[in-house]
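Asks: Structure in structure tokens, see below.
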Amino acid sequence: EAGVAQSPRYKIIEKRQSVAFWCNPISGHATLYWYQQILGQGPKLLIQFQNNGVVDDSQLPKDRFSAERLKGVDSTLKIQPAKLEDSAVYLCASSLPSPEQFFGPGTRLTVL
Amino acid sequence: AQKVTQAQTEISVVEKEDVTLDCVYETRDTTYYLFWYKQPPSGELVFLIRRNSFDEQNEISGRYSWNFQKSTSSFNFTITASQVVDSAVYFCALEYGNKLVFGAGTILRVKS
């Protein structure tokens, strides 16, 4: 069974530029999550989707971050414009209707 | 509010030593799940164990064992006879409403 796929694995941009990350969850997993992991910290939930609807985006900085999950399968997370403090690893995870989440390899973003 | 505390920032041991990683959590929910994840240098979070709040039985899986004590709100993780491949960051997490709250992680370095 294929795991959660994410791309790109690494991205370096200048501040004020925009960037997008892509995630393809495990087949059949209805719930998809995006986490931000700043160096030295645990992952922090940004947004949770159930199929193509948003369940929780309370910690998503909506002035610059946006996410969508069209057709209830893969998802994109966008940052526009990026700030220095957005440098982090962005992790995507998916789950069945169960507590266990499966994580992708992450995208490491560096904002210069 | 839900919170997970991993007081040990970094632990260094010599191969074959036993090591215990501490995890203390806070929640007002009576039903919840606790997790441990491993994050090797590759960056992907690897699921190790899930425990629900009604099951306080300790669990052993090979060299890994977990001690769950509701009375002290702790869910500690022990690696017996550590190996170099155990070197990673280990995260404890609390699940509520299909969302995970992570601790800050403990860096484990196992030296040969």
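Sequence order for the protein chains is A and B. If you're matching positions, the first sequence starts at 55 in our numbering and goes up one per residue. If you're matching positions, the second sequence starts at 39 in our numbering and goes up one per residue. Where is the CB? At the ideal position from N, CA and C, for every residue including glycine. Computed from a predicted model, the values in this text were never measured in an experiment.
1. Are the CB atoms of residue 87 of chain B and residue 158 of chain B within a distance shorter than 8 angstroms?
2. Using the C-alpha atoms, what's the distance from residue 121 of chain B back to residue 88 of chain A?
3. Chain B beta carbons: is any one of them nearer than 8 angstroms to that of residue 73 of chain A?
4. Taking just the CA atoms, how far does residue 133 of chain A sit from residue 140 of chain A?
5. In terms of alpha-carbon separation, which member of A:123, A:111 and A:129 lies closest to residue 61 of chain A?
6. Buried or exposed for residue 75 of chain B, please, with buried defined as at least 16 other CB atoms from any protein chain shown within 10 angstroms of its CB.
7. Could you work out which residue in A:123, A:73, A:117 and A:144 is closest to residue 86 of chain A when comparing CA atoms only?
8. Start and end of the beta strand (DSSP E) containing residue 73 of chain B?
9. Under a Cβ-count criterion, where at least 16 other Cβ atoms within 10 Å of its own Cβ denotes burial, should residue 101 of chain A be classed as buried or exposed?
10. Closer than 8 angstroms, CB to CB, is residue 80 of chain B near chain A or not?
11. Using the Cβ count rule (16 or more neighbours within 10 Å means buried), how would you classify residue 79 of chain B?
12. Show which residues of chain B have a CB atom less than 9 angstroms away from the CB atom of residue 85 of chain A.
13. Of all the residues that make up the segment 82-93 of chain B, which are near chain A by a beta-carbon distance shorter than 7 angstroms?
14. In chain order, what residues of the same chain lie with their CB nearer than 6 angstroms to the CB of residue 114 of chain A, ignoring the 5 residues before and after it?
15. State the CB to CB distance for the pair residue 147 of chain A and residue 92 of chain A, rounded to an integer number of angstroms; the pair is presumed to be in contact (CB under 8 angstroms).
16. At a CB distance below 9 angstroms, what residues from the segment 122-151 of chain A approach chain B? Give them in sequence order.
Replies: Working from what's here:
1. Nothing about residue 158 of chain B can be read from this structure; chain B reaches only from 39 to 150.
2. 32 angstroms
3. no
4. 9 angstroms
5. A:129
6. buried
7. A:123
8. 71-77
9. buried
10. yes
11. exposed
12. 136
13. 82, 83, 85 and 88
14. 100 and 101
15. Wrong, their Cβ atoms sit about 17 angstroms apart, outside the cutoff.
16. 143, 145, 147, 149 and 151
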